[in-house]
Structure formats: structure tokens, C-alpha cells
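Let me begin by presenting the structure, written as C-alpha cells, before commenting on it.
Residue numbers (the numbering used here), protein chains in the order written: chain R, 77 to 142; chain G, 5 to 262.
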């Protein structure tokens, strides 16, 4: 399936949970925040939130800033 | 002389200096600069994870037991985007504090006051502790406070400009009127700028480029720590009035030969 990940088209097998998506991307879930179709997810929801064809996902983390 | 802590939304900070995490020559220098600054609160930005990049995280270099993280909404130009960034920052950092920025102009990075007040109202309604970066305008600061801001953070000068406090009179007026802490945020270029800001009676100073961009960020961080403390003490001590002519420090009587 194709999703929009951080503003870019991204191919992955699916549907799959946000946890599985992060795992596949080698991203530590403790260090990021995830938005699924414009809704910010609680970390506890990563395992039960299902990403489907055409969904929009944003994965952000902290970087240096003032 | 003992000083009271800086208290924002009920949380006390011994240091009145808040520092950024951007633009350091290296993470190692940032770590040492943070230590030298004595700051207890550091700002961070929220950005998309770069996929297929190194797994190293900024948080590998910030001891969150020691430093309180203040996520910002830098780079946001609308209230909607700033609210969205704040919500993401809350999940990434697990605190409900946000340094709210809604920028209105690319060249000056001056805030969009209208959108800033709107975003403040929305985020306060969602339980955030909102610290808005604002113009040095007493009316806007009053509106932000009315909207529930936990502090107001007027700029001393444009972000990264190093020009120092451009309108000390306005900063003084904001301080006099405010019922919440006033933090001068942005524009500090060197230690005297920080001292001048604190001498105006404000509660704290936030800076990033002034330290990170110095030739020796660690030394400048220490200079800023001392300047913030010196300016604070001078304010508490109560300076002498300015006069146009001299007043002798030594007795006028008993001068030899008179």
C-alpha cells in the first residue's frame, strides 16, 4: 500500500499498526511523536492504531532550536 | 544576596537564564555550554524525523533529569500550525509546556500578534502551559496574559540579531503591567545585553544564538550566567538616579590648602 509519510509517498506492506510502521523504519517510539490523519496519537495507541492505504502519517522528534 | 526563584506556572527555577539547543558547533560543545550556563530549562524544536538517517537523537545529549525541556513551535506561520506543533511536542516530550511562536514575517521573524493570541487561547484551553514569544508591545502582552499565558516573552531584538534590548522603555512598561513572569526572548548578543535586560526588572532571559554562535560558546554561556545574575542583583539593589552633573564622592570640607 501507499501512504503519505512526512509529506512524501511511502510504500509499505499493510494495513499495519503504527508500532509496526515505526519498527520497520527503525525508529525508537519513545523518542518521537506521531500524527495519524491529523490526530496526534498517545503512545499507548501506537499498537492499536491501524495505518491504511492513503493515510497521512507524520513522525516528528526534537531537534536543536531556540 | 538571596534571590527568590523564578516561578512559572507554579514551577520554581533557580536560574533565570533559559537557553536553546540550536546552532552549536557540536553536541559536545552544547553539553558543556549548557552546564556553564547554569540553566535549568532548555528549548527544543519539533521537526519531522529524517528517515534513513543516523539514529542519533538530540535527547541523547540532554539529561532530562537535569534540564526541563521546553518545546517550541518555531517555523509556524499560522495559529493552526503552531497548535499542531504544540500537540506533537507534548507527545514527544510528555510535558504540557510550550514556547509558542507564530511568525508573521520571514525577514524579521516578528510574531503575528493576532494569531499568537488566538493560538494561546486554544492551547490554554487544552491545558497547555503557554509561554508566547511576542513583540515588545505592552498591549499584546496584556492580551496574551488575558488569554491565559503563563509568562510573556517579549523580544529584545530580532531573533539571532544580537542587537540587545532595542526598546528598554517598552520592556519596562511590560514588566510593570504584567501579572505573570516576563522573559526577554531573542536579540541578546553579549553579556551586557543580558545584564541590561535584567536590570529592567524582568524575570528572566531566553537566548540561543548569543551563546551558540559565539566563538567560544562555553565561555559565553558562563558570561551570560554571570550577566543575568549581575543584572538581577543590580535591579534588586536599586540603582542610583541618573544626574546630569557630578556629585563629589569625597567630603568637600577639610581639603588641604583651602
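Every residue gets a Cβ at the ideal spot worked out from N, C-alpha and C, and that includes glycine.
From a predicted model like this one, the values you see are computed outputs, not experimental measurements.
key: Euclidean distance between Cα positions of residue 6 of chain G and residue 41 of chain G   = Translated into the one-based positions of the second chain, residue 6 of chain G becomes position 2. Translated into the one-based positions of the second chain, residue 41 of chain G becomes position 37. Their backbone Cα atoms lie some 19 angstroms apart in a straight line.
ask   = Whose C-beta lies closer than 6 angstroms to the C-beta of residue 226 of chain G among residues of the same chain, with five residues either side of it excluded?
value = Reading the second chain from its first residue, position 222 is the one you call residue 226 of chain G. Closer than 6 angstroms at Cβ, skipping near neighbours: 40.
key: Short CB-CB distance (under 8 angstroms) between residue 107 of chain R and chain G   = Counting from one through the first chain, the residue named residue 107 of chain R turns up at place 31. For residue 107 of chain R, the answer is yes, since a Cβ of chain G falls inside 8 angstroms of its Cβ.
inquiry  = Suppose you measure from the CA of residue 22 of chain G to the CA of residue 85 of chain G; what does that come to, to the nearest Å?
reply    = To locate residue 22 of chain G, count along the second chain from 1; it is residue 18. To locate residue 85 of chain G, count along the second chain from 1; it is residue 81. The straight-line gap from Cα to Cα measures roughly 24 angstroms.
inquiry  = So with CB distances below 9 angstroms, who are the chain R contacts of residue 138 of chain G?
reply    = To locate residue 138 of chain G, count along the second chain from 1; it is residue 134. Chain R residues near residue 138 of chain G: none, gap ~15 angstroms exceeds 9 angstroms.
ask   = If contact means a Cβ-Cβ distance below 9 angstroms, which residues of the stretch 82 to 99 of chain R contact chain G?
value = 82, 83, 84, 86
ask   = Nearest chain R C-beta to residue 27 of chain G closer than 8 angstroms, yes or no?
value = By 1-based counting over the second chain, the position of residue 27 of chain G is 23. Closer than 8 angstroms to some Cβ of chain R, the Cβ of residue 27 of chain G qualifies, so yes.
ask   = Are residue 87 of chain G and residue 148 of chain G close, meaning C-beta to C-beta below 8 angstroms?
value = By 1-based counting over the second chain, the position of residue 87 of chain G is 83. By 1-based counting over the second chain, the position of residue 148 of chain G is 144. No, they are not a contact pair.
request  = Thinking residue 186 of chain G and residue 154 of chain G are a contact (beta carbons under 8 angstroms), I'd like their distance in whole angstroms, please.
outcome  = Counted from its first residue, the second chain places residue 186 of chain G at position 182. Counted from its first residue, the second chain places residue 154 of chain G at position 150. About 12 angstroms; that fails the 8 angstroms criterion.
message = Helix, strand or coil for residue 228 of chain G? Go by DSSP, reduced to three states.
response = In the second chain, the residue the question calls residue 228 of chain G occupies position 224. Residue state, collapsed to three classes: helix.
key: Cutoff 6 angstroms; reference residue 210 of chain G; Cβ partners in own chain excluding five residues on either side   = Start at 1 with the first residue of the second chain, and residue 210 of chain G comes out as number 206. Cβ within range, chain order: 22, 187, 189.
ask   = Residues of chain R with a CB under 8 angstroms from the CB of residue 47 of chain G: which are they?
value = The residue you call residue 47 of chain G lines up with position 43 of the second chain. Ordered by position in chain R, the residues that pass the 8 angstroms Cβ test against residue 47 of chain G are 141, 142.
request  = Using only alpha-carbon positions, find the residue among G:34, G:57, G:110, G:60 that is nearest to residue 25 of chain G.
outcome  = Sequence index remark: in the second chain, residue 25 of chain G carries index 21 (1-based). With distances taken between Cα atoms, residue 25 of chain G lies closest to G:34.
task = Taking 8 angstroms as the cut-off, decide whether the C-beta atoms of residue 119 of chain R and residue 105 of chain R are in contact.
result = In the first chain, counting from the first residue as 1, residue 119 of chain R sits at position 43. In the first chain, counting from the first residue as 1, residue 105 of chain R sits at position 29. Yes, they are a contact pair.
ask   = Interface residues of chain R around residue 213 of chain G at Cβ under 9 angstroms?
value = For the purposes of this step, residue 213 of chain G is taken as residue 209 along the second chain, with counting starting at 1. The contacting residues are 142.
query = Thinking C-alpha only, which one of R:138, R:124, R:82 is nearest residue 96 of chain R?
reply = Mapped onto the first chain, residue 96 of chain R falls at position 20. Out of R:138, R:124, R:82, R:124 has the C-alpha closest to the C-alpha of residue 96 of chain R.
query = The alpha helix (DSSP H) with residue 189 of chain G in it runs from where to where?
reply = To locate residue 189 of chain G, count along the second chain from 1; it is residue 185. No alpha helix (DSSP H) contains residue 189 of chain G, which is instead part of the beta strand (DSSP E) from 187 to 189.
ask   = Looking at the C-beta of residue 132 of chain R, does it have a partner C-beta in chain G at a distance below 8 angstroms?
value = As a working mapping, residue 132 of chain R is identified with position 56 in the first chain. Closer than 8 angstroms: no.
message = Please classify residue 244 of chain G as buried or exposed, where buried requires at least 16 neighbouring CB atoms within 10 angstroms.
response = To locate residue 244 of chain G, count along the second chain from 1; it is residue 240. Per the 10 Å Cβ criterion, exposed.
task = Return helix, strand or coil for residue 248 of chain G, following the three-state DSSP convention.
result = As a working note, residue 248 of chain G is residue 244 in the second chain. Here residue 248 of chain G sits in coil by DSSP.
inquiry  = Can you find the residues in the same chain that come closer than 6 angstroms, C-beta to C-beta, to residue 129 of chain R, ignoring five residues on each side of it along the sequence?
reply    = Translated into positions along the first chain, residue 129 of chain R becomes position 53. Within the same chain, residue 129 of chain R has close Cβ partners 77.
key: Residue range of the unbroken beta strand (DSSP E) whose run includes residue 93 of chain G   = The residue labelled residue 93 of chain G in the question sits at position 89 within the second chain. Taken as a continuous stretch (DSSP letters only), residue 93 of chain G belongs to no beta strand (DSSP E), being part of the alpha helix (DSSP H) at 83 to 97.
task = Have a look at the DSSP bridge pairing and note the partners of residue 109 of chain R.
result = One-based indexing of the first chain puts residue 109 of chain R at position 33. Answer is R:136.
query = Name the chain G residues that come within less than 7 angstroms of residue 113 of chain R, Cβ to Cβ?
reply = Within the first chain, the letter at position 37 stands for residue 113 of chain R. None at all; the shortest Cβ gap to chain G is about 13 angstroms.
task = Taking residue 100 of chain G as the query, report the chain R residues whose CB atoms sit under 9 angstroms from its CB, ordered along the chain.
result = Counting from 1 along the second chain, the entry for residue 100 of chain G is found at position 96. Under the 9 angstroms cutoff, chain R gives no residues; its nearest Cβ is about 13 angstroms from residue 100 of chain G.
message = Can you look up residue 120 of chain R in the DSSP assignment and give me helix, strand or coil?
response = Translated into positions along the first chain, residue 120 of chain R becomes position 44. Helix, per DSSP.
query = Hey, residue 107 of chain G and residue 98 of chain G are a contact pair by Cβ (cut 8 angstroms); roughly how many whole angstroms apart?
reply = Position 103 of the second chain holds residue 107 of chain G. Position 94 of the second chain holds residue 98 of chain G. Their Cβ separation, rounded to whole angstroms, is 26 angstroms, which puts residue 107 of chain G and residue 98 of chain G out of contact at 8 angstroms.
key: is_contact[residue 40 of chain G, chain R] using C-beta, thresh 8 angstroms   = Mapped onto the second chain, residue 40 of chain G falls at position 36. So no, residue 40 of chain G is outside the interface.
message = Using CA atoms only, rank isn't needed, just tell me which of G:139, G:129, G:14, G:239 is closest to residue 105 of chain G.
response = As a first step, residue 105 of chain G must be located in the second chain, where it is residue number 101. Ranking G:139, G:129, G:14, G:239 by Cα distance to residue 105 of chain G puts G:139 first.
ask   = How many whole angstroms separate the CB atoms of residue 133 of chain R and residue 126 of chain R, which I take to be in contact at a CB cut-off of 8 angstroms?
value = Here residue 133 of chain R refers to the residue found at position 57 of the first chain. Here residue 126 of chain R refers to the residue found at position 50 of the first chain. That belief does not hold up - the Cβ atoms of residue 133 of chain R and residue 126 of chain R are roughly 11 angstroms apart, past 8 angstroms.
task = Compare the C-beta of residue 103 of chain R with all C-beta atoms of chain G and state if any pair is closer than 8 angstroms.
result = Residue mapping note: residue 103 of chain R aligns to position 27 of the first chain, counting from 1. So yes, residue 103 of chain R belongs to the interface.
key: Residues near residue 122 of chain R in its chain [Cβ-Cβ closer than 8 angstroms; skip 5 each side]   = Counting from one through the first chain, the residue named residue 122 of chain R turns up at place 46. For residue 122 of chain R, where only same-chain residues beyond five positions count, the Cβ hits under 8 angstroms are 93, 94, 95, 98, 105, 110.
request  = Please compile the residues from chain R whose C-beta is within a distance smaller than 9 angstroms of the C-beta of residue 75 of chain G.
outcome  = Numbered from its first residue, the second chain carries residue 75 of chain G at position 71. Near residue 75 of chain G (Cβ distances below 9 angstroms), the residues of chain R are 138, 141.
inquiry  = Is there a Cβ of chain R sitting closer than 8 angstroms to that of residue 104 of chain G, yes or no?
reply    = Here residue 104 of chain G refers to the residue found at position 100 when the second chain is read from its first residue. No, residue 104 of chain G lies away from the interface with chain R (no Cβ there is under 8 angstroms from its Cβ).
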